[in-house]
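Colleague: Let me begin by handing over the structure; questions about it come next.
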Amino acid sequence: MPEDTNTNSLGQYRSALQTATLAAEQGNTELALEVIQCALRKLYLEKDTIINDSHDEDAQAIDLMLNQRYLEYRSKLEPRSPYLSLAIKSLIIAAIVVSALLLTATVAFKQMRNVMHIAARHVVSQEFRESKELVAIVKSTAEKAVERALSDGRERTSVENQDDVKDEKKRVKKR
């Protein structure tokens with residue numbers, strides 16, 4: 000009798016496999032996947048306790064078929080492979096890292112630009128101070144030159160005036 004029980008039990012798994020195949024053909028892949036999952040759980044429990052050595056090969060063949068169908072139906076429900084999901088996650092992480100690096104570089108560039116502007120202002124202000132000093136030197140030199148020119152001009156004017164006065168006196172005497 001135990002052999003009949005084993006045969007009936009294996010028949011249940013074949014029926015579960017046929018039911019899952021029929022459900023998948025009708026477009027209900029989720030139901031097919033659930034039927035196969037239940038059959039696999041029950042088969043693993045029975046393999047450990049009930050199924051004897053004479054039906055072990057049949058149980059392994061059914062186990063193999065159930066696992067193949069399970070993977071087939073699961074791949075229909077989840078078209079992406081785990082590697083594709085991992086690749087997508089890696090790309091997202093890489094994009095976040097690149098964005099963070101770009102943001103950091105942008106902030107550093109702006110800070111460097113501000114430092115350069117401050118340094119340029121300092122240099123310009125230093126040059127402006129130096130140019131003020133240069134202007135003051137040129138101005139004082141120019142003022143001295145103007146004063147010399149004026150004093151030279153006054154002397155010439157006074158000499159010319161004296162010459163004019165002498166010429167006038169000579170004219171007056173001639174008359």
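Numbering that gives the first Met the number 0 puts the first residue of the sequence shown at 0, with every later residue one more than the last.
No residue lacks a Cβ here, since even glycine has one placed at the ideal position from N, Cα and C.
1) DSSP three-state label for residue 11, please.
2) Quick one: what's got a C-beta closer than 8 Å to residue 40's C-beta in the same chain, skipping five residues either side?
3) Quick check: the Cα distance between residue 69 and residue 32, rounded to an integer number of angstroms?
4) Is the beta carbon of residue 29 closer than 8 Å to that of residue 76?
5) Which class does residue 25 belong to by DSSP, given the choice of helix, strand or coil?
6) Smallest Cα separation from residue 67: which of 38, 87, 130 and 138?
7) Rounded to the nearest angstrom, what separates residue 16 and residue 103 at their Cα positions?
8) Do you know offhand how far residue 57's Cα is from residue 82's?
9) According to DSSP, is residue 1 helix, strand or coil?
10) Alpha carbon to alpha carbon, how far is residue 119 from residue 141? Give it in angstroms, no decimals.
11) If you measure between the beta carbons of residue 107 and residue 72, is that distance less than 8 Å?
12) Indicate the three-state DSSP secondary structure (helix, strand or coil) for residue 77 in the structure shown.
13) Considering only their Cβ atoms, is the gap separating residue 62 from residue 42 smaller than 8 Å?
14) Short check: CB of residue 35 to CB of residue 65, under 8 Å?
15) Using the C-alpha atoms, what's the distance from residue 169 back to residue 139?
Modeller: In brief:
1) Translated into the one-based positions of the sequence shown, residue 11 becomes position 12. Note: residue 11 maps to helix in three-state DSSP.
2) Taking the first residue of the sequence shown as position 1, residue 40 is located at position 41. None.
3) Translated into positions along the sequence shown, residue 69 becomes position 70. Translated into positions along the sequence shown, residue 32 becomes position 33. When rounded, the separation of the alpha-carbon atoms in residue 69 and residue 32 is 6 Å.
4) Here residue 76 corresponds to residue number 77 of the sequence shown, with the count starting at 1. Here residue 29 corresponds to residue number 30 of the sequence shown, with the count starting at 1. Yes. Within cutoff.
5) Translated into the one-based positions of the sequence shown, residue 25 becomes position 26. Residue state, collapsed to three classes: coil.
6) Within the sequence shown, numbered from 1, the residue matching residue 67 stands at position 68. The shortest Cα separation from residue 67 among 38, 87, 130 and 138 belongs to 38.
7) Residue numbering aside, residue 16 sits at position 17 when the sequence shown is read from its first letter. Residue numbering aside, residue 103 sits at position 104 when the sequence shown is read from its first letter. Using only the alpha carbons, I get a separation of about 58 Å.
8) One-based indexing of the sequence shown puts residue 57 at position 58. One-based indexing of the sequence shown puts residue 82 at position 83. Each residue's CA atom was taken as its position, placing residue 57 and residue 82 some 34 Å apart.
9) As a first step, residue 1 must be located in the sequence shown, where it is residue number 2. Any reading at residue 1 must be qualified, since the residue scores a pLDDT of 44, below 50, and its modelled position is unreliable; the value itself is stated next. Helix, per DSSP.
10) One-based indexing of the sequence shown puts residue 141 at position 142. One-based indexing of the sequence shown puts residue 119 at position 120. The straight-line gap from Cα to Cα measures roughly 31 Å.
11) Taking the first residue of the sequence shown as position 1, residue 107 is located at position 108. Taking the first residue of the sequence shown as position 1, residue 72 is located at position 73. Not closer than 8 Å, so no.
12) The count along the sequence shown starts at 1 and reaches residue 77 at position 78. Under the three-state reduction of DSSP output, residue 77 falls in the coil class, being neither helix nor strand.
13) The residue you call residue 42 lines up with position 43 of the sequence shown. The residue you call residue 62 lines up with position 63 of the sequence shown. Yes. Within cutoff.
14) Here the question's residue 35 lines up with position 36 in the sequence shown. Here the question's residue 65 lines up with position 66 in the sequence shown. In contact: residue 35 and residue 65 (Cβ atoms closer than 8 Å).
15) In the sequence shown, the residue the question calls residue 139 occupies position 140. In the sequence shown, the residue the question calls residue 169 occupies position 170. Between residue 139 and residue 169, the C-alpha separation is close to 44 Å.
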